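Numbering (this note's numbering), first residue to last: 22 to 221. Note that the Cβ used here is the ideal one computed from N, Cα and C, for glycine as well. Please read all numbers here as calculations on a predicted model, not as lab measurements.
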C-alpha cells in the first residue's frame, strides 16, 4: 500500500513542472527540450516579421520636367518616374489658345531634367516654312524616283537602281551617311552628294 502511494506521489511530482509551465506561459518543445516563453517574450516573438514574406518598400522615384511656351502655368514640375508628358501638361494648366498642340508628343515619357517647349501656331508655321526652304532643291533618298536620283552628281541609272534596291531591302535610310553602304558609292561620291540629299 505504501509502495503504491509513493508511485502516485512520484507521478504527480514529475508532471507538476509541466503543469506550472503551461500555467505560467507558452511551452515550446525543440529537439525534446521544453522551453518556457513568458507572456511578454511570446508576444514579442509573434510580432517579429517573417523574413520570407518581408518586402522592403522603396521610396517612390520622381523626375523634374521644365515645361514652357504656350502653357497656362510654365515652370518646373515634379512627377512620378514613368509619367507621360500629358501628366506634366495637366499640372501646367494645359495649352493656351495660341498653342500649336500637335507640335509636341504629349504621349512621350517624362525624363528627369528635360525641357518641353510648346510653340505658338505662328512659331510652328514659321519653323515648317524654314524647314521646307532648307530642303528646297534637295533630294530625299528615301522617296526619290530613279529619274530624281539621276539628277545628283555621280549618280547614273545603275547607281540609282542600287540606291532604290538598298532602301527597299533595309526599310529606308536612317541618315544620309548610310548611302555609302550602297554598292558603288564611296566617300568621294558622298562628298559630292551630302549637300544635295536628305532623309525623312
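Secondary structure of residue i, DSSP reduced to three states
{"i": "residue 82", "result": "coil"}
{"i": "residue 122", "result": "helix"}
{"i": "residue 94", "result": "coil"}
{"i": "residue 109", "result": "helix"}
{"i": "residue 99", "result": "strand"}
{"i": "residue 206", "result": "coil"}
{"i": "residue 67", "result": "Note that residue 67 has pLDDT 44, beneath the 50 cutoff, so the model's placement of it is unreliable and no number is given."}
Residue burial classification, residue i (beta-carbon count within 10 angstroms, cutoff 16)
{"i": "residue 222", "result": "Absent from the structure is residue 222, since the part of the chain shown begins at 22 and ends at 221."}
{"i": "residue 132", "result": "exposed"}
{"i": "residue 104", "result": "buried"}
{"i": "residue 181", "result": "buried"}
{"i": "residue 109", "result": "buried"}
{"i": "residue 92", "result": "buried"}
{"i": "residue 168", "result": "exposed"}
Residues of its chain near residue i, where Cβ-Cβ distance is below 8 Å and the 5 sequence neighbours each way are ignored
{"i": "residue 163", "result": "188, 193, 194, 220, 221"}
Segment limits, alpha helix (DSSP H) that includes residue i
{"i": "residue 154", "result": "142-156"}
Same chain, Cβ closer than 7 Å to residue i, five either side skipped, listed in chain order
{"i": "residue 95", "result": "88, 89, 113"}
6 Å CB neighbourhood of residue i in its chain, flanking five on each side removed
{"i": "residue 226", "result": "What the structure shows of the chain is the stretch from 22 to 221, and residue 226 is not part of that stretch, so it cannot be assessed."}
{"i": "residue 174", "result": "213"}
{"i": "residue 136", "result": "87"}
{"i": "residue 211", "result": "201"}
Range covered by the beta strand (DSSP E) that runs through residue i
{"i": "residue 130", "result": "That residue, residue 130, is in no beta strand (DSSP E); it is neither H nor E in DSSP."}
{"i": "residue 137", "result": "136-139"}
Within the stretch 156-183, ranges of the alpha helix (DSSP H) (whole runs, at least 4 residues): 167-170
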